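Below is one structure; the comments refer to it alone.
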Amino acid sequence: MKRTLKEALKSGDFVITTEIGPPKGTNIEKMLHHIDLLKDKVDGLNVTDNQSSVMRLSSLAVCHLIKDRGGEPILQMTCRDRNRMALQADLLSAYVLGVENVLCLTGDHIMLGDHKGARQVFDLDSVQLIAAVRTLETGKDIGGNELDGAVSFCVGATATPEADRMGSQLLKFRKKIKAGAEFFQTQAVYDMDKLKEFMQYARQFEEVKILAGILVLTSVGMARYLNANVAGVTVPEELIEEVKSAGKGQGIVKGKEIAARHIKQIKKEGICDGIHLMAIGKEEIVPEILEMAGIK
Amino acid sequence: MIIAEQKPLEEIRSMAAKHKKILLLGCGTCVTVCMAGGEKEVGILASALRMARKLEGNRIEIIEDTILRQCEWEYLEEIAPKVDEVEAVISMACGVGVQAMAQQFPDKLIYPALNTTSLGMPAQHGLWVENCRGCGNCGLARFGAVCPVARCSKSLLNGPCGGSQDGKCEVNPEADCGWQLIYERMERLDQLELLEDILPAKNWSTDRDNGPRRTVREDVFIADVKGGTE
Numbered sequence: 001m002k003r004t005l006k007e008a009l010k011s012g013d014f015v016i017t018t019e020i021g022p023p024k025g026t027n028i029e030k031m032l033h034h035i036d037l038l039k040d041k042v043d044g045l046n047v048t049d050n051q052s053s054v055m056r057l058s059s060l061a062v063c064h065l066i067k068d069r070g071g072e073p074i075l076q077m078t079c080r081d082r083n084r085m086a087l088q089a090d091l092l093s094a095y096v097l098g099v100e101n102v103l104c105l106t107g108d109h110i111m112l113g114d115h116k117g118a119r120q121v122f123d124l125d126s127v128q129l130i131a132a133v134r135t136l137e138t139g140k141d142i143g144g145n146e147l148d149g150a151v152s153f154c155v156g157a158t159a160t161p162e163a164d165r166m167g168s169q170l171l172k173f174r175k176k177i178k179a180g181a182e183f184f185q186t187q188a189v190y191d192m193d194k195l196k197e198f199m200q201y202a203r204q205f206e207e208v209k210i211l212a213g214i215l216v217l218t219s220v221g222m223a224r225y226l227n228a229n230v231a232g233v234t235v236p237e238e239l240i241e242e243v244k245s246a247g248k249g250q251g252i253v254k255g256k257e258i259a260a261r262h263i264k265q266i267k268k269e270g271i272c273d274g275i276h277l278m279a280i281g282k283e284e285i286v287p288e289i290l291e292m293a294g295i296k
Numbered sequence: 297m298i299i300a301e302q303k304p305l306e307e308i309r310s311m312a313a314k315h316k317k318i319l320l321l322g323c324g325t326c327v328t329v330c331m332a333g334g335e336k337e338v339g340i341l342a343s344a345l346r347m348a349r350k351l352e353g354n355r356i357e358i359i360e361d362t363i364l365r366q367c368e369w370e371y372l373e374e375i376a377p378k379v380d381e382v383e384a385v386i387s388m389a390c391g392v393g394v395q396a397m398a399q400q401f402p403d404k405l406i407y408p409a410l411n412t413t414s415l416g417m418p419a420q421h422g423l424w425v426e427n428c429r430g431c432g433n434c435g436l437a438r439f440g441a442v443c444p445v446a447r448c449s450k451s452l453l454n455g456p457c458g459g460s461q462d463g464k465c466e467v468n469p470e471a472d473c474g475w476q477l478i479y480e481r482m483e484r485l486d487q488l489e490l491l492e493d494i495l496p497a498k499n500w501s502t503d504r505d506n507g508p509r510r511t512v513r514e515d516v517f518i519a520d521v522k523g524g525t526e
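If you read the protein sequences in the order shown, they are chains A and B. Residues 1 to 296, numbered by the numbering used here, are exactly what the first sequence covers, in order. Residues 297 to 526, numbered by the numbering used here, are exactly what the second sequence covers, in order.
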């Protein structure tokens, strides 16, 4: 039987997680193909929650599908779309469906997505959501009411190693740990020296496992977009040049090489406890990158 | 103070479309200070409406006036003779003033000329920012007197989200990240340690979530209160 993410994190092995993006609609064929392709090659499959504030098939439903197919799902939960009642209800639901891992996130702002006129929630923040999971584990909800049956989760959170204002980000990082986060998956990192700097700080929290976020570059345009629009992500100019050198339409070839190189270095030098590999919409390239990085 | 801004002229025109004689009523307090609905703005909007109606060959008569506050009965009473003269009133007050007018003059059509936006202040000339959400349970003491409920786009209580960059917000790169402001101020005051506490989920029952709020002060009740408890 496949080991759980919790077991993988405890094993001391280099842990690999990747990501499944639910479709916008009910056509799940391509996604199921990705799940089947990846489920035995990684220790956990994150399922995004209305990613980038774009309404999609729910994370919980897809986690259930992954579970059915023998995979190890990680339920991503943002605070944007549900109040504390809905979040707790979904945590109970996830638990009875056999989902054992949850990644607690703030969530992108509504304005960044495809329902700009919607009312955003943020009744809880990510720290409070982590704390809510831990409270549900005690057999009570966060209103202090008794539950008939508690939950149990492996709880994760996110961190931004390359944030430009580190002080306030590390404050949040510490509070997430204090609230009960067991593992972190970081925002995409491209500068290994900055990652090491962050890890030097993070290593003082020995009980916490940290997986470095690796986002595969597919083109020069994507790299420039990340630099211009995504907070806490910086693709260095020399990597952009490297992607450019592949020639038009071939950027992904170099992107895969860069990802594999970084994974190899992180593993070899023991920088982090594992990686979280993101290949948004191109999940089929994940096995190849892992192979190139010398994993499995 | 209450911040508001004028609605697009087209929208105001369409409200007045079927009327021949209206009162355009300014408010002398908050919206005068934020240059949205004071005496000066009444004059400008009245001219614009007259001109537009003249151009379409359908003249409108507009009485212009501004009272000190449209949100207090005593100032509303004095305007009654002018209200009587017209078919409808276009109020240049905030939403509170518009509704007070409607309550004072139950048989008169009252339209809003402004969009009420927030509780805030001018950050600089021509820029007004929201600094208070009126949540009913002020927590400023915990945050160096910078409000995360109002000034963080997500009203986060335990620190910034990952969308904070260069001290700015992911929603608007021109807007400050509220949490960066809090952090820097607490750092300056040597109070950063206070931010380490995990704040539990906020009790929103003092906000709108407990229904429209009524602030009751029985000690200042007097008999025969106008408008009373509605």
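Heads up, the beta-carbon is just placed ideally off N, CA and C, and yes, glycines get one too. Bear in mind the structure is a predicted one, so any value in this text is a computation, not a measurement.
Residue i, DSSP secondary structure in three states
i, result
"residue 55 of chain A", "coil"
"residue 287 of chain A", "helix"
"residue 247 of chain B", "Chain B is shown from 297 up to 526; residue 247 of chain B falls before or after that span and cannot be answered."
"residue 495 of chain B", "coil"
"residue 554 of chain B", "Summary: the structure shown does not reach residue 554 of chain B, with chain B confined to residues 297 through 526, and so no result is reported for it."
"residue 414 of chain B", "strand"
"residue 33 of chain A", "helix"
"residue 526 of chain B", "Here the model assigns residue 526 of chain B a pLDDT of 47, short of 50, so the residue's position is not dependable, and the following value carries that caveat. The answer is coil: DSSP assigns residue 526 of chain B none of H, G, I, E or B."
"residue 201 of chain A", "helix"
"residue 502 of chain B", "helix"
"residue 44 of chain A", "strand"
"residue 273 of chain A", "coil"
"residue 139 of chain A", "coil"
"residue 405 of chain B", "strand"
"residue 155 of chain A", "strand"
"residue 466 of chain B", "coil"
"residue 193 of chain A", "helix"
"residue 419 of chain B", "strand"
"residue 307 of chain B", "helix"
"residue 515 of chain B", "helix"
"residue 395 of chain B", "helix"
"residue 278 of chain A", "strand"
"residue 489 of chain B", "helix"
"residue 302 of chain B", "strand"
"residue 120 of chain A", "coil"
Any chain E beta carbon closer than 7 angstroms to residue i
i, result
"residue 232 of chain A", "Although the question refers to chain E, the structure presented lacks it and instead comprises the protein chains A and B."
Environment of residue i [buried if 16+ CB atoms lie within 10 Å]
i, result
"residue 434 of chain B", "exposed"
"residue 183 of chain A", "buried"
"residue 209 of chain A", "buried"
"residue 526 of chain B", "Because residue 526 of chain B carries a pLDDT of 47, less than 50, the predicted location of this residue cannot be relied on, and no value is offered for it."
"residue 201 of chain A", "exposed"
"residue 167 of chain A", "exposed"
"residue 53 of chain A", "buried"
"residue 55 of chain A", "exposed"
"residue 461 of chain B", "buried"
"residue 518 of chain B", "exposed"
"residue 307 of chain B", "exposed"
"residue 128 of chain A", "buried"
"residue 407 of chain B", "buried"
"residue 203 of chain A", "exposed"
"residue 49 of chain A", "buried"
"residue 269 of chain A", "exposed"
"residue 444 of chain B", "buried"
"residue 351 of chain B", "exposed"
Host alpha helix (DSSP H) of residue i (start-end)
i, result
"residue 262 of chain A", "251–268"
"residue 228 of chain A", "220–229"
"residue 173 of chain A", "166–179"
"residue 8 of chain A", "5–11"
"residue 294 of chain A", "It is not in any alpha helix (DSSP H) - residue 294 of chain A carries neither H nor E in the DSSP assignment."
"residue 476 of chain B", "474–484"
Limits of the unbroken beta strand (DSSP E) element including residue i
i, result
"residue 244 of chain A", "Counting along the chain, residue 244 of chain A falls outside any beta strand (DSSP E), though it belongs to the alpha helix (DSSP H) covering 237–245."
"residue 425 of chain B", "423–428"
"residue 19 of chain A", "15–20"
"residue 186 of chain A", "183–188"
"residue 209 of chain A", "209–215"
Quick check for students: name the residue ranges of the beta strand (DSSP E) that lie wholly in the region 48–112 of chain A, counting only runs of 3 or more. As far as the region 48–112 of chain A is concerned, its whole beta strand (DSSP E) runs of at least 3 residues are 73–78, 101–105.
Segments assigned alpha helix (DSSP H), at least 4 residues, entirely inside the region 314–393 of chain B: Fully enclosed alpha helix (DSSP H) runs of 4 or longer: 326–329, 335–351, 369–373, 376–381.
Inter-stretch contact at 8 angstroms, needing at least 3 Cβ pairs: the region 97–111 of chain A / the region 474–489 of chain B: Counting C-beta pairs with one atom in each stretch, the region 97–111 of chain A and the region 474–489 of chain B have fewer than three that are closer than 8 angstroms, which means they do not touch.
For the region 239–253 of chain A against the region 147–160 of chain A, are there 3 or more C-beta pairs whose distance is under 8 angstroms? Short answer: they don't touch.
Could you tell me whether the region 379–398 of chain B touches the region 280–290 of chain A, where touching means 3 or more Cβ pairs closer than 8 angstroms? Taking 8 angstroms as the limit for Cβ pairs, the verdict is that the region 280–290 of chain A does not touch the region 379–398 of chain B.
Do three or more CB pairs link the region 492–503 of chain B to the region 122–134 of chain A at distances below 8 angstroms? The region 492–503 of chain B vs the region 122–134 of chain A: in contact.
Contact the region 426–433 of chain B vs the region 310–326 of chain B: 3+ CB pairs below 8 angstroms: When C-beta atoms of the region 426–433 of chain B are compared with those of the region 310–326 of chain B, fewer than three pairs fall below 8 angstroms, so the two segments do not count as touching.
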